[in-house]
Amino acid sequence: MKMQIKGILFDFDGTIANTIDLIIATFEHTCREVLGFTPEREKIVATFGLPLPEAMIALSGKPELVETMRDAYREYNNAHHDDMIRSIPGVKETLEQLKAQGIKLAVVTSKKPPMLRRGLDCLQLTPYFDATVALGDTKESKPHPEPMLAACAKLGVKPEECLCVGDSPFDLQSGRSAGAKTVAVRYTAFGWEKLLEEGRPDFVIASPQELLELVGKAK
1 MKMQIKGILF
11 DFDGTIANTI
21 DLIIATFEHT
31 CREVLGFTPE
41 REKIVATFGL
51 PLPEAMIALS
61 GKPELVETMR
71 DAYREYNNAH
81 HDDMIRSIPG
91 VKETLEQLKA
101 QGIKLAVVTS
111 KKPPMLRRGL
121 DCLQLTPYFD
131 ATVALGDTKE
141 SKPHPEPMLA
151 ACAKLGVKPE
161 ECLCVGDSPF
171 DLQSGRSAGA
181 KTVAVRYTAF
191 GWEKLLEEGR
201 PDFVIASPQE
211 LLELVGKAK
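Residue numbers for the sequence shown follow UniProt numbering, beginning at 1 and rising by one.
Written out as structure tokens, the structure is:
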């Protein structure tokens, strides 16, 4: 790969923050409270990367219950967020080195802005990012390219000068449609074969540190 990498666009959940147990526990609680049953873990994981209302419809099949589910979800998530969010080994060190190289960094997520800020602050990652694009910042959400294009505009870089790093097909589809090269993380909770098939990443990394190697080879 020969390209001038000026920016890197990261997903949040499952890519730079380990929120898998938090999200699964929150969905399990929500479905028990509102629907009276607990979905299989695989069905919950399959919704990772979708905006919350879309994920809830996928799990319940009942659009009319989205508001009730969202209230239950937010109450549980707000109460348990800070205790259950975990860092991913190597993320902070990788971000430090990327910043030192002058690469601009952004987070592109389907989380609401306040929860994104809270998560970044909990993990002490806020200073590393030059821009964020969260739910509501754009009309469309991932897998549409608009969130990635908005992040590029905020960073002042072209999509073809960027890598898009994510753990779900929606991240990779969004990045590819925007014109960026895409990177799948192997530490995803998403089914790996499905991620490769639907996301069609340009590159794969097994750890955050491997992103530094990828950037080095691009020079």
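Quick reminder that beta carbons are idealized off the backbone N, C-alpha and C, glycines included.
Just so it is clear, the structure is predicted and the values come from calculations on it, not from any experiment.
7 angstroms is my cut-off, CB to CB: does Val183 come that close to chain C? The structure shown has no chain C; it contains just one protein chain.
For Gly179 and Lys112, the rounded distance between their alpha carbons: Taking the straight line joining both Cα atoms gives about 25 angstroms.
Can you give, in chain order, each stretch of the beta strand (DSSP E) that sits fully within the segment 45–89 and has at least 3 residues? Positions of the beta strand (DSSP E) runs, each at least 3 residues long and wholly inside the segment 45–89, cannot be given because no such run exists.
Length-filtered (4 minimum) alpha helix (DSSP H) runs lying within the segment 123–170: 146–155, all fully within the segment 123–170.
Below 7 angstroms between beta carbons: does that hold for Thr19 and Asp11? In this structure, Thr19 lies away from Asp11, with their beta-carbon atoms at least 7 angstroms apart.
In angstroms with no decimal places, state the Cα-to-Cα distance between Gln97 and Asp167. Distance between the alpha carbons of Gln97 and Asp167 is about 21 angstroms.
Near Cys122, what residues of its chain come up, given a Cβ to Cβ distance below 8 angstroms and the 5 sequence neighbours on each side ignored? Listed in chain order, the non-local C-beta contacts of Cys122 below 8 angstroms within the same chain comprise His81, Asp82 and Ile85, local neighbours out to five positions each way being set aside.
Secondary structure at Leu35, three-state DSSP: helix, strand or coil? Reduced to three states, the DSSP call for Leu35 is coil.
What's the C-alpha gap between Lys219 and Gly102? For Lys219 and Gly102, the distance between alpha carbons rounds to 13 angstroms.
Out of Leu214, Ala79 and Leu155, which has the shortest C-alpha to C-alpha gap to Ala184? Checked all of Leu214, Ala79 and Leu155; the closest Cα to Ala184 is Leu214.
With a threshold of 6 angstroms on Cβ separation, who are the neighbours of Pro143 within its own chain once the five nearest residues in sequence on each side are excluded? Only Phe170, Gln173 and Ser174 meet the Cβ criterion.
Is the Cβ-Cβ distance between Ala58 and Glu33 less than 7 angstroms? The Cβ-Cβ distance between Ala58 and Glu33 does not fall below 7 angstroms.
Strictly by DSSP, which residues pair up with Ala184? Its beta-bridge partners are Gly166 and Val204.
C-alpha distance - Cys152 paired with Met3, whole-angstrom precision: Rounded to the nearest whole angstrom, the C-alpha separation of Cys152 and Met3 is 16 angstroms.
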